[in-house]
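Asker:
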Amino acid sequence: MITLPSFSTSRREIAGLEIGSLARQFGTPLYVYDLASIGRRIADLSEFDVIRYAQKACGNLAILDRMRRRGVVVDAVSAGEIRRAIAAGYSVDPEKHEIVYTADIFDREALDLVVEHSLPVNCGSPDMISQLGERRPGSEVTLRINPGFGHGHSQKTNTGGEQSKHGIWHTQIDECLRRADQFGITVTGLHMHIGSGTDLKHLSEVCDSMERVALEVGRTLKTISAGGGLPVPYRTEETYVDLPKYFELWNATRNRLSEKFGHPLTLEIEPGRYLSAESGYLIAEVRSIKQVGGNLFVLVDAGFNDLARPVMYGAYHPISVAGQTVDAADREEVDVVIGGPLCESGDIFTQREGGFVDTRRLPAPQVGDWIILENAGAYGFVMASNYNSKTRAAEVLIEDGQAKLIRKRETFDDLVRGEIIPD
Ligand code: LLP
15 MITLPSFSTS
25 RREIAGLEIG
35 SLARQFGTPL
45 YVYDLASIGR
55 RIADLSEFDV
65 IRYAQKACGN
75 LAILDRMRRR
85 GVVVDAVSAG
95 EIRRAIAAGY
105 SVDPEKHEIV
115 YTADIFDREA
125 LDLVVEHSLP
135 VNCGSPDMIS
145 QLGERRPGSE
155 VTLRINPGFG
165 HGHSQKTNTG
175 GEQSKHGIWH
185 TQIDECLRRA
195 DQFGITVTGL
205 HMHIGSGTDL
215 KHLSEVCDSM
225 ERVALEVGRT
235 LKTISAGGGL
245 PVPYRTEETY
255 VDLPKYFELW
265 NATRNRLSEK
275 FGHPLTLEIE
285 PGRYLSAESG
295 YLIAEVRSIK
305 QVGGNLFVLV
315 DAGFNDLARP
325 VMYGAYHPIS
335 VAGQTVDAAD
345 REEVDVVIGG
355 PLCESGDIFT
365 QREGGFVDTR
375 RLPAPQVGDW
385 IILENAGAYG
395 FVMASNYNSK
405 TRAAEVLIED
415 GQAKLIRKRE
425 TFDDLVRGEI
435 IPD
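All you need for my numbering is the position in the sequence shown, starting with 1, plus 14.
1) Going by beta carbon distance, what residues of the same chain come within less than 7 Å of Thr234, once the five residues before and after it are set aside?
2) Could you name each continuous beta strand (DSSP E) segment of 3 residues or more that falls completely within the region 208-244, going from the start of the chain to the end?
3) If you scan the region 372-420 from start to end, which runs of the beta strand (DSSP E) of 3 or more residues do you find wholly inside it?
4) Helix, strand or coil for Arg26? Go by DSSP, reduced to three states.
5) Could you tell me if His331 is buried or exposed, where buried requires 16 or more neighbouring beta carbons within 10 angstroms of its beta carbon?
6) Return yes when at least one heavy atom of the ligand LLP lies under 7 Å from the C-beta of Met397, else no.
7) Measuring only the C-alpha atoms, how far is Thr173 from Ile208?
8) Measuring CA to CA, which of Gly394, Pro245 and Ala329 is closest to Asn319?
9) Name the two residues that bound the continuous beta strand (DSSP E) containing Gly7.
10) What does the Cβ neighbour count give for Ser60, buried or exposed, with the cut at 16 atoms within 10 Å?
11) Compute the beta-carbon to beta-carbon distance between Leu133 and Ile96, rounded to the nearest angstrom, for a pair I have assumed lies under 8 Å.
12) Among Thr212, Lys215, Gly211 and Ala240, whose alpha-carbon lies nearest the alpha-carbon of Glu225?
13) So, is Arg374 buried or exposed, given that buried needs 16 or more other C-beta atoms within 10 angstroms?
14) Please classify Arg323: does DSSP put it in a helix, a strand, or coil?
15) Is Arg66 closer than 8 Å to Val46 when the C-beta atoms are compared?
16) Return yes when at least one heavy atom of the ligand LLP lies under 7 Å from the C-beta of Lys259, else no.
17) So does Tyr393 have its beta carbon nearer than 7 Å to some heavy atom of the ligand LLP?
18) May I ask which residues mark the beginning and end of the beta strand (DSSP E) holding His205?
19) So what's Tyr330 in DSSP terms, helix, strand or just coil?
20) Please state whether the Cβ-Cβ distance between Val351 and Val300 is less than 8 Å.
Below, the structure written as structure tokens:
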């Protein structure tokens, strides 16, 4: 059984390394990942035949390399992600299926790359079947199916049902099989991903849909994928999905299908958040504290250009304070609003969906302290931007007790690279 995390409002170290030392050595804002946490999460999923990491969650080359060394393969949703996987050492050997392109469209660059490397494709729209068929007739493909329902931690991360652009609608299987036939394409796998940050109730419902659609496609199938979506607790009252139970449901579905088809089927899972979220911390320095009417604002040097989840989804991240000189645990707790440096009112880490400012009870921060935004390893750095001409943060990996720089802080030159002032 996986133990639930206990969140604390004060913190002195990350994976045994002192926060002040990390901040002084690498500067702030700083993303720090604890590799041991990723290793534990990979181990939790070891019953699945294939763990396919959704690299969009945290795609730094070093993270991908370490995933690869632990036997985890990847999906890629863009030409850039295909190139990233190759750069991290993943094989393009079509037999190995280490990189699968999974998307709802081919842009021209992605289609060229997929054809060039004969990469496996998971088609999320019927048009992809024909577009691939024209360039690579006789291929094998998998289909991403929208089962007609979905669920996520936010409406914006729900990827099923009529309001979602994702996947092939579950009643269009026959039409897709005919389309595939025209190009000699064989459908060898099915995939369903109903949303990100969902729950066991919704995830379990996918098994029935998978079985129904799989029987419609028939004996050409060799793999089924449960997609991603596994939640992690961001608050004390939240829990993990019961993984043994979840595996059992999928395993039973797979076994029934294998029996009907008379051959074995591979069972894949495709998590992003579950593998990387808890490994990541965003360290920011407190630069100003001011009282605004009834609210005490603590302004730090990281903003939604570094971590966009609160402003995009009203997402809640655990937050802790590391005192610059004294242990923050000894301080009195106060209600504060944590904001960033951007010239925009929505640049607040403690907000609810809809942009309403919330307060957080934390040990009274002081200028020079560090605020740590926790569980920031999934959809953190990868969603960072250069808004307000802010350079993107550095990333550090803690491995075997050592802090290793895995991405340099951007410079002004990086910021304006490619910009042209015409004569
Ligand atoms: N597979 C597919 C096809 C996906 O679209 C996604 C996520 C995953 C797997 C991985 O889902 P996960 O296991 O991480 O839930 N930016 C949002 C999350 C967007 C998820 C997009 N697709 C957030 O910060 O919550």
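We treat Cβ as the ideally placed atom computed from N, Cα and C, and that holds for glycine.
Answerer: To lay it out plainly:
1) The residues are Thr200, Val201 and Thr202.
2) Correct list: 237-239.
3) List check, beta strand (DSSP E) in window: 374-377, 384-387 and 408-413.
4) Coil, per DSSP.
5) Label assigned to His331: buried.
6) Yes, the Cβ of Met397 comes within 7 Å of a heavy atom of the ligand LLP.
7) C-alpha separation (whole angstroms): 5 Å.
8) Out of Gly394, Pro245 and Ala329, Gly394 has the C-alpha closest to the C-alpha of Asn319.
9) One cannot answer for residue 7 here, as it falls past the ends of the chain, which runs 15 to 437.
10) Label assigned to Ser60: exposed.
11) Sure, about 7 Å apart at Cβ, within 8 Å.
12) If we check each option's Cα against that of Glu225, Ala240 comes out closest.
13) The residue in question, Arg374, is buried, as its Cβ has 16 or more Cβ neighbours within 10 Å.
14) Helix, per DSSP.
15) Their beta carbons are not under 8 Å apart, which means Val46 does not touch Arg66 by this criterion.
16) It does not: the Cβ of Lys259 is nowhere closer than 7 Å to a heavy atom of the ligand LLP.
17) Between the ligand LLP and the CB of Tyr393, the shortest heavy atom gap is smaller than 7 Å.
18) DSSP places His205 in the uninterrupted beta strand (DSSP E) bounded by Thr200 to His205.
19) Correct three-state label for Tyr330: coil.
20) No.
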